[in-house]
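Numbering (the numbering used here), first residue to last: 9 to 230.
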Amino acid sequence: MKNNNMARTNYTTTVSSTLRFFLMIGFSGLLFGACQSDPNSPGVEYMPDMYRSPSFETYGENEISGNKIMSARIPATNTIARGSDNLPYPYPNTFEGYEAAGANLKNPLEASEQNLAEAKILYTRYCVHCHGKKGQGDGTVPKNSEYPSPPSYSEGLKDLPVGKIFHTLNYGKNLMGSHASQMTKTERWKVILYVQTLQNPGGIQAKAEETIVENKEIEESK
9 MKNNNMARTN YTTTVSSTLR FFLMIGFSGL LFGACQSDPN SPGVEYMPDM YRSPSFETYG
69 ENEISGNKIM SARIPATNTI ARGSDNLPYP YPNTFEGYEA AGANLKNPLE ASEQNLAEAK
129 ILYTRYCVHC HGKKGQGDGT VPKNSEYPSP PSYSEGLKDL PVGKIFHTLN YGKNLMGSHA
189 SQMTKTERWK VILYVQTLQN PGGIQAKAEE TIVENKEIEE SK
């Protein structure tokens, strides 16, 4: 009887040891397996919607506003595009386009001291070699070549509208090539400000910079 109890005890101990052994192996396997991770997995995140906002596929459909709409929506009416200085020029390189530009285009820039100073620099850089310093068509190019002199700004081109000048700068005209690749639209309008001073010397004056005068100074001047 005593031997049977001892055998039963040894069997139980052996089974327990074997079970613990396999449990240890299983736990170790789980532990080492947990150390491996999917490189594409972000892991555990707190409030994952704060990490990645919802996005829509190009030209996909969604119902975020309650209606089934396309993700690429049409801009609102009168939306002004960023970089509007690079918008396509609306008038074609034709006689009709030239006349339409002269009738419709207006210079969006003011004749401020800064604009005129920058305009003179641009004129000297891109125009003076043909048109001359005072716009008389006596630049170094016609003087030293067989090219005919361009008309004088103060005579033959005195009444040329700013729209036609801009159109010419954009496309070129006769022997004059396009300057659209050399100057931005804003720079072309600045050059036109300076050309106007040559068309009508003394007729366009730089607007004085605005100054702020305190009320006290106004009262003292009375």
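Glycine residues also receive a C-beta, built at the ideal position from the N, C-alpha and C atoms.
Please read all numbers here as calculations on a predicted model, not as lab measurements.
Judged by their CB atoms, I200 and I173 are nearer to each other than the 7 Å cut-off. At the C-beta level, K166 and Q204 stay beyond 7 Å of one another. Here A109 is buried: its Cβ has 16 or more other Cβ atoms, across all protein chains shown, within 10 Å. Here the alpha carbons of P96 and L168 stand approximately 23 Å from one another.
Collapsing the DSSP output to three states places M184 in a strand. Comparing alpha carbon positions, the residue from Y59, Y99 and R81 closest to L177 is Y99. In this structure, N123 sits away from K181, with a CB-CB distance that is not shorter than 7 Å. With contacts defined as CB atoms closer than 7 Å, P158 and H139 qualify as a contacting pair.
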